[in-house]
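K.L.:
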Ligand SMILES: Cc1cc2nc3c(=O)[nH]c(=O)nc-3n(C[C@H](O)[C@H](O)[C@H](O)COP(=O)(O)OP(=O)(O)OC[C@H]3O[C@@H](n4cnc5c(N)ncnc54)[C@H](O)[C@@H]3O)c2cc1C
Ligand code: SF4
């Protein structure tokens with residue numbers, strides 16, 4: 118009987134691991150992905166903004182587009198995929214038990230790769246004094262409701278936490294017509310990438326309250342207001358200076374935690390502080406033949422790095438079975454990207470995660486690492502342009518995501534959004550299909566970036 122390599126989780130880490138394992142083992146093993154959601158893709162399915170894949174594919178893609186590239190490769194490879202299937206137990210002798218509509222099943226694996234991603238912290242939710250009205254969401258839930266289900270979560274929104282998810286949701290909710298009153302951040306510096314501060318907050322004049330926190334939630338049935346206070350050097354609220362911001366929605370973006378409950382149950386050791394799985398340089402855990410990759414080791418900013426890590430785990434899971442030399446996973450490159458506030462008087466290039474700070478004085482352009490940044494900064498000074506990413510309804514009322522196939526003038530984005538909200542895409546729309554050409558005479562086409570969410 119063939120060796121079985123079981124991958125728990127079908128996000129970008131799990132998909133990359135499966136493909137690498139299949140390529141390495143050829144027909145010597147069965148490669149199996151088990152995913153609890155209805156489709157592969159993990160968190161990417163709700164990240165309809167662009168910014169994915171530049172390093173790996175040299176292309177700026179949305180999350181669903183990036184996921185789709187891998188899904189297509191998986192369809193072609195001889196990889197068994199179980200979706201709508203949840204792994205509920207893994208023993209340290211590699212018995213994987215899962216449940217789906219057919220009931221409980223067990224596979225005896227030869228090697229296992231955990232690629233279970235991360236979940237959101239809700240600690241902030243519990244720690245804020247006040248009432249418990251409706252209208253409080255974690256950022257990931259807000260993103261899922263807005264992007265996959267086309268549900269309007271509120272009209273006057275406050276965001277707590279300035280990590281990238283909070284910043285991206287500030288822009289996304291603005292596109293959906295909400296008034297984002299402010300982003301509240303406890304630290305002196307924002308947690309997200311400079312390019313996200315620039316394109317998600319500065320573009321829409323959304324205030325960022327650094328060294329502030331929410332000290333009270335108010336409202337009976339629905340949230341009505343929050344009380345905000347500046348904090349001192351130790352992070353303690355300065356009660357005398359507190360003020361009230363009226364709002365009907367609070368989005369909590371207070372961090373992510375690697376999701377490792379099943380791995381832990383099987384005996385995999387975790388980092389006490391981060392909950393990330395502990396591995397050696399080959400991504401192997403303390404249990405021989407059990408590997409981990411992606412956000413379940415450490416939350417990463419860039420999916421390209423997640424895929425790279427998945428590839429190493431997939432290769433090594435096969436190498437382990439045949440006593441071959443394993444690959445080393447070198448380092449977490451996500452830590453290198455500029456975070457915090459953009460530099461005053463400079464343009465932050467949003468074309469790639471490097472987020473170069475560029476000055477333009479007459480014909481002199483400085484600070485750009487590549488020529489694309491030079492063109493960007495010159496354009497930014499003249500007429501800023503952005504790619505619009507948005508959701509569209511289909512004729513039967515289902516949701517799909519879409520983007521303009523080139524940047525359009527920032528000034529007319531609101532007008533273009535109004536058009537997007539009126540049109541209906543075909544129910545058979547596929548990724549890459551043109552939904553509307555030359556939208557608002559911009560020369561840009563509106564194209565579908567996800568499958569229809571039924
Ligand atoms: C809001 C947001 C914005 C981002 N923006 C960008 C960006 O602009 N550019 C960029 O490059 N990166 C971005 N990222 C980062 C990138 O998307 C993630 O780092 C990457 O998707 C993580 O991949 P993963 O496979 O480790 O985890 P996930 O995508 O979370 O996949 C884990 C999968 O495991 C499944 N699973 C978990 N437990 C079980 C179980 N017991 N049984 C079966 N299945 C299970 C889950 O359902 C999920 O599908 C963003 C991330 C977020 C959250
Ligand atoms: S200038 Fe080049 S390297 Fe720098 S952020 Fe822009 S595209 Fe990236």
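Residue numbers (the numbering used here): 118 to 571.
Note that CB positions come from ideal geometry on N, CA and C, so glycine has one too.
Mind reading off the beta-carbon distance from residue 238 to residue 374? Whole number of angstroms is fine, and I expect it under 8 Å.
P.N.:
Taking the first residue of the chain shown as position 1, residue 238 is located at position 121. Taking the first residue of the chain shown as position 1, residue 374 is located at position 257. Yes, they are in contact, since the Cβ atoms of residue 238 and residue 374 sit about 6 Å apart, within 8 Å.
K.L.:
On the criterion of 16 or more Cβ atoms from any shown chain inside 10 Å, does residue 246 qualify as buried, or is it exposed?
P.N.:
Mapped onto the chain shown, residue 246 falls at position 129. Exposed, because fewer than 16 other Cβ atoms sit within 10 Å of the Cβ of residue 246.
K.L.:
Using the beta carbon as the reference atom, which residues fall closer than 7 Å to any heavy atom of ligand 2, ordered along the chain?
P.N.:
Residues with a Cβ closer than 7 Å to any heavy atom of ligand 2, in chain order: 466, 468, 469, 471, 472, 473, 475, 485, 486, 487, 489, 490, 493.
K.L.:
According to DSSP, is residue 490 helix, strand or coil?
P.N.:
Here the question's residue 490 lines up with position 373 in the chain shown. Residue 490 falls in the helix class under three-state DSSP.
K.L.:
Can you have a look at residue 312 and say buried or exposed, based on whether 16 or more other CB atoms are within 10 angstroms of its CB?
P.N.:
Taking the chain shown and counting its residues from 1, the one referred to as residue 312 is at position 195. Classification for residue 312: buried.
K.L.:
Please tell me whether, using a cut-off of 6 Å, the distance from the CB of residue 295 to the nearest non-hydrogen atom of ligand 1 is below it.
P.N.:
For the purposes of this step, residue 295 is taken as the residue at position 178 of the chain shown. No, since every heavy atom of ligand 1 falls outside the 6 Å radius drawn around the Cβ of residue 295.
K.L.:
Quick one: give me the first and last residue of the beta strand (DSSP E) that residue 236 is part of.
P.N.:
Indexing the chain shown from 1 puts residue 236 at position 119. Boundaries of the beta strand (DSSP E) harbouring residue 236: 235–237, taken from the DSSP string.
K.L.:
Specify, as a first and last residue, the run of the alpha helix (DSSP H) that residue 371 falls within.
P.N.:
Taking the chain shown and counting its residues from 1, the one referred to as residue 371 is at position 254. Counting along the chain, residue 371 falls outside any alpha helix (DSSP H), and DSSP gives it neither H nor E.
K.L.:
Residue 213 and residue 204 - do their beta-carbons sit closer together than 7 Å?
P.N.:
Position 87 of the chain shown, counted from the start, is the residue given in the question as residue 204. Position 96 of the chain shown, counted from the start, is the residue given in the question as residue 213. It is a contact, given that the beta carbons lie within the stated cut-off.
K.L.:
Please give me, in chain order, every unbroken run of the beta strand (DSSP E) with length at least 3 that falls completely inside the stretch 341–367.
P.N.:
342–347, 360–363
K.L.:
Please name the residue, chosen from 168, 127, 119, 423, that lies closest to residue 152 on a Cα-to-Cα basis.
P.N.:
For the purposes of this step, residue 152 is taken as residue 35 along the chain shown, with counting starting at 1. It is 127.
K.L.:
Following the continuous beta strand (DSSP E) through residue 483, name the residue where it begins and the one where it ends.
P.N.:
By 1-based counting over the chain shown, the position of residue 483 is 366. Start and end: 481–483.
K.L.:
For residue 182, is the beta carbon positioned less than 6 Å from some heavy atom of ligand 1?
P.N.:
Counted from its first residue, the chain shown places residue 182 at position 65. Result no, Cβ not under 6 Å from ligand 1.
K.L.:
Helix, strand or coil for residue 169? Go by DSSP, reduced to three states.
P.N.:
Here residue 169 is taken as the residue at index 52 of the chain shown, counted from 1. Correct three-state label for residue 169: strand.
K.L.:
Note down, one range per segment and in chain order, each alpha helix (DSSP H) of at least 4 residues found wholly within the stretch 173–226.
P.N.:
180–193
K.L.:
Quick check for students: name the residue ranges of the beta strand (DSSP E) that lie wholly in the stretch 387–444, counting only runs of 3 or more.
P.N.:
407–409
K.L.:
Measuring alpha carbon to alpha carbon, tell me which residue in 309, 292, 334 is nearest residue 321.
P.N.:
Your numbering for residue 321 matches position 204 in the chain shown. The shortest Cα separation from residue 321 among 309, 292, 334 belongs to 292.
K.L.:
Checking the sheet assignment: what are the DSSP bridge partners for residue 375?
P.N.:
Taking the first residue of the chain shown as 1, we reach residue 375 at position 258. Under DSSP, residue 375 forms a beta bridge with 235.
K.L.:
May I ask you to check if the CB of residue 255 is nearer than 6 Å to at least one heavy atom of ligand 1?
P.N.:
Position 138 of the chain shown, counted from the start, is the residue given in the question as residue 255. No, Cβ of residue 255 sits at least 6 Å from all heavy atoms of ligand 1.
K.L.:
Return the first residue and the last residue of the beta strand (DSSP E) that residue 476 is part of.
P.N.:
Locating residue 476 in the chain shown gives position 359, counting from the first residue. Here the beta strand (DSSP E) through residue 476 covers 474–478.
K.L.:
Is there at least one non-hydrogen atom of ligand 1 closer than 6 Å to the beta-carbon of residue 153?
P.N.:
Position 36 of the chain shown, counting from 1, holds the residue named residue 153. Residue 153: yes, Cβ under 6 Å from ligand 1.
K.L.:
Whole angstroms is fine: what's the gap from residue 244's alpha carbon to residue 476's?
P.N.:
Here residue 244 refers to the residue found at position 127 of the chain shown. Here residue 476 refers to the residue found at position 359 of the chain shown. Their Cα atoms are separated by approximately 43 Å.
K.L.:
Would the stretch 322–342 and the stretch 353–361 be scored as touching if the rule is three or more Cβ pairs under 8 Å?
P.N.:
yes
K.L.:
Determine the extent of the alpha helix (DSSP H) in which residue 292 is found, giving its start and end residues.
P.N.:
Numbered from 1 along the chain shown, position 175 holds the residue referred to as residue 292. Bounds of the alpha helix (DSSP H) holding residue 292 are 281–292.
K.L.:
Any contact of the stretch 508–526 with the stretch 546–566, i.e. 3+ C-beta pairs under 8 Å?
P.N.:
yes
K.L.:
Applying the criterion that 16 or more other CB atoms from any shown protein chain within 10 Å of the CB defines a buried residue, is residue 155 buried or exposed?
P.N.:
As a working note, residue 155 is residue 38 in the chain shown. With fewer than 16 other Cβ atoms within 10 Å, it is exposed.
K.L.:
Out of 403, 439, 501, which one is the CA nearest neighbour of residue 387?
P.N.:
In the chain shown, counting from the first residue as 1, residue 387 sits at position 270. The residue with the shortest Cα to Cα distance from residue 387 is 403.
K.L.:
Could you tell me if residue 324 is buried or exposed, where buried requires 16 or more neighbouring beta carbons within 10 angstroms of its beta carbon?
P.N.:
Here residue 324 corresponds to residue number 207 of the chain shown, with the count starting at 1. Classification for residue 324: exposed.
K.L.:
Would residue 413 pass as a contact of residue 377 if the rule is Cβ separation under 7 Å?
P.N.:
Indexing the chain shown from 1 puts residue 413 at position 296. Indexing the chain shown from 1 puts residue 377 at position 260. Taking 7 Å as the Cβ cut-off, residue 413 and residue 377 qualify as a contacting pair.
K.L.:
What does a CB cutoff of less than 6 Å around residue 202 pick up in its chain, not counting 5 residues either side in sequence?
P.N.:
The count along the chain shown starts at 1 and reaches residue 202 at position 85. So the qualifying residues of the chain are 151, 215, 217.
K.L.:
What would DSSP say about residue 141, mapped onto helix, strand or coil?
P.N.:
Stepping through the chain shown from its first residue, residue 141 is reached at position 24. Reduced to three states, the DSSP call for residue 141 is helix.
K.L.:
Assuming residue 544 and residue 511 form a contact by the criterion Cβ under 8 Å, report the distance between their Cβ atoms to the nearest whole angstrom.
P.N.:
The residue given as residue 544 occupies position 427 in the chain shown. The residue given as residue 511 occupies position 394 in the chain shown. Indeed they touch by this definition, with Cβ atoms about 5 Å apart.
K.L.:
Less than 7 Å separating the beta-carbons of residue 121 and residue 194?
P.N.:
If you number the chain shown from 1, residue 121 lands on position 4. If you number the chain shown from 1, residue 194 lands on position 77. Cβ atoms of residue 121 and residue 194: not closer than 7 Å.
K.L.:
Alpha carbon to alpha carbon, what distance is there between residue 167 and residue 506?
P.N.:
Taking the chain shown and counting its residues from 1, the one referred to as residue 506 is at position 389. Taking the chain shown and counting its residues from 1, the one referred to as residue 167 is at position 50. In a straight line, the C-alpha of residue 506 is about 7 Å away from that of residue 167.
K.L.:
Is there a C-beta anywhere in chain D that falls below 7 Å from the one on residue 282?
P.N.:
No chain D appears in this structure, which consists of one protein chain only.
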